[in-house]
Ligand code: MG
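Residue numbers (the numbering used here): 1170 to 1544.
Here's what the structure looks like:
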């Protein structure tokens, strides 16, 4: 056990047991790693997983991947790295409020988008269409899992990053069926928090980016009930820039309050005693209220029609999709265009379509654009 000067892993584990809710994921009760490793002296397993994520190549490449592929790339638009940091920050705060394990939530947040293709939503769509054609499927959550389990190579002892079970499990989309994959259980509290933090983060930053790029106007979004609600608790209008950032901040506050209130009441109803109880519940515990869910749906529809489906964005999306398809088909014809480490992965269990998918999904936007120029 520890000496009195240092606060070591066992102390941190003991503090978790003392201070977190009984349904939190305790690091001392982790189901462990696929390849056994000795525990660290200073850090819990989830802290160690987080460090592995931020030191991996796929994490650094997030900065070169766009969320929504917008024509006017400027210094203030989000990329997947800044999005990831926003998700991690929300997830840490919510998890702390809910007395869950912050380190686990942060770790899941930091790797939740590692498997995302270049060119945002459009890239994912192109990849889905391509793989479907050959009898496979693509889902970025599953690809994130593949990155941490297989594709990252950091150790001579195991493939991937050998992160804890709870982190890998947290990357599954528990609320929806994706491709052939159906998940029966709910996620842990920490995984559910990340899922909702992801929604809150992207909706709010897409509003900000959409307005900044001039793809929709303040007058248009001001027609939404949820925007009006946020505006009503915001300090007086001075100029558009300040106003937008203040209203978005109110919007996040409203969503955060609703999420915490609704989740607290669901926790009261379910009375979970362990994290298994949360996973076996008939419905997710971390959730918006029904009223907020409806307002949120209108916001989703707004962003879909006034942002993602607007000609300026669609044009860029189509360009991105075209790049991905051209790379895919060209390498399918000539697999030796793959870098050696990818080429070596082709086997009866991992057909070339899958390896090409792995190679393309890992690309940044810039790398894909440069690569297609060499073909
Ligand atoms: Mg995300």
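Note that the Cβ used here is the ideal one computed from N, Cα and C, for glycine as well.
Would you mind giving the Cβ-Cβ distance between residue i and residue j, rounded to the nearest angstrom? I have them listed as a contact below 8 Å.
i: residue 1363; j: residue 1281; result: 6 Å
i: residue 1376; j: residue 1390; result: 7 Å
i: residue 1253; j: residue 1231; result: 6 Å
i: residue 1437; j: residue 1334; result: That belief does not hold up - the Cβ atoms of residue 1437 and residue 1334 are roughly 28 Å apart, past 8 Å.
i: residue 1395; j: residue 1464; result: 4 Å
i: residue 1427; j: residue 1457; result: 5 Å
i: residue 1237; j: residue 1289; result: 5 Å
i: residue 1320; j: residue 1531; result: 7 Å
As a quick exercise: from the options, pick the residue whose alpha carbon is nearest that of residue i.
i: residue 1268; options: 1192, 1227, 1212; result: 1192
i: residue 1521; options: 1500, 1530, 1539, 1537; result: 1500
i: residue 1541; options: 1366, 1175, 1510, 1492; result: 1492
i: residue 1494; options: 1450, 1478, 1300; result: 1300
i: residue 1245; options: 1538, 1410, 1341, 1354; result: 1410
i: residue 1338; options: 1524, 1203, 1509, 1530; result: 1203
i: residue 1534; options: 1378, 1426, 1287, 1211; result: 1287
i: residue 1511; options: 1528, 1307, 1381; result: 1528
i: residue 1266; options: 1216, 1358, 1538; result: 1358
i: residue 1295; options: 1324, 1515, 1506, 1488; result: 1488
i: residue 1477; options: 1372, 1215, 1356, 1366; result: 1372
i: residue 1524; options: 1262, 1306, 1264; result: 1306
i: residue 1340; options: 1331, 1544, 1356; result: 1356
i: residue 1551; options: 1392, 1416, 1336; result: For residue 1551 there is no data in the structure shown, the boundaries of the chain being 1170 and 1544.
i: residue 1302; options: 1509, 1176, 1498; result: 1498
i: residue 1366; options: 1291, 1270, 1262, 1326; result: 1262
i: residue 1551; options: 1270, 1207, 1264; result: Outside the displayed span of the chain (1170 to 1544) sits residue 1551, for which this structure offers no information.
i: residue 1543; options: 1243, 1251, 1507; result: 1507
If you count every other CB in all the chains shown that lies within 10 Å of the CB of residue i, and 16 or more means buried, which is it?
i: residue 1442; result: exposed
i: residue 1184; result: exposed
i: residue 1275; result: buried
i: residue 1432; result: buried
i: residue 1384; result: buried
i: residue 1188; result: exposed
i: residue 1407; result: exposed
i: residue 1178; result: buried
i: residue 1304; result: exposed
i: residue 1387; result: exposed
i: residue 1505; result: exposed
i: residue 1468; result: buried
i: residue 1175; result: exposed
i: residue 1211; result: exposed
i: residue 1513; result: exposed
i: residue 1483; result: exposed
i: residue 1270; result: buried
i: residue 1173; result: exposed
i: residue 1264; result: buried
Only counting the same chain, and skipping five residues up and downstream in sequence, which positions put a Cβ closer than 6 Å to that of residue i?
i: residue 1350; result: Bear in mind that a pLDDT of 49 at residue 1350, under 50, signals an unreliable position, so the model cannot answer this.
i: residue 1309; result: 1284, 1285, 1293
i: residue 1228; result: 1222
i: residue 1318; result: 1329
i: residue 1461; result: 1427
i: residue 1609; result: With the chain covering only 1170 through 1544, there is no way to say anything about residue 1609.
i: residue 1215; result: 1196, 1272, 1273, 1276
i: residue 1537; result: 1287, 1492
i: residue 1205; result: none
i: residue 1297; result: 1307
i: residue 1515; result: 1521, 1524
i: residue 1490; result: 1291, 1295
i: residue 1480; result: none
Spatial neighbours of residue i within its chain, please: C-beta separation below 7 Å, excluding the five flanking residues on both sides.
i: residue 1423; result: 1398, 1399
i: residue 1219; result: 1272, 1275, 1276, 1279
i: residue 1234; result: 1248, 1249, 1285, 1287, 1533, 1534
i: residue 1449; result: 1354
i: residue 1419; result: 1399, 1402, 1403
i: residue 1454; result: 1358, 1361, 1432, 1435, 1436, 1439, 1447
i: residue 1452; result: none
i: residue 1526; result: 1296, 1300, 1307
i: residue 1421; result: 1369, 1373
i: residue 1217; result: 1209
i: residue 1243; result: none
Once you ignore the five residues that flank residue i on each side, which residues in its own chain have a CB closer than 8 Å to its CB?
i: residue 1182; result: 1195, 1196, 1197, 1213
i: residue 1224; result: 1323
i: residue 1186; result: 1195, 1197
i: residue 1430; result: 1458
How do the segment 1307-1321 and the segment 1244-1258 stand: do at least 3 beta-carbon pairs fall below 8 Å, yes or no? no
Touch check for the segment 1189-1204 and the segment 1441-1455: three-plus C-beta pairs under 8 Å? Because the criterion of three Cβ pairs below 8 Å is met, the segment 1189-1204 and the segment 1441-1455 touch.
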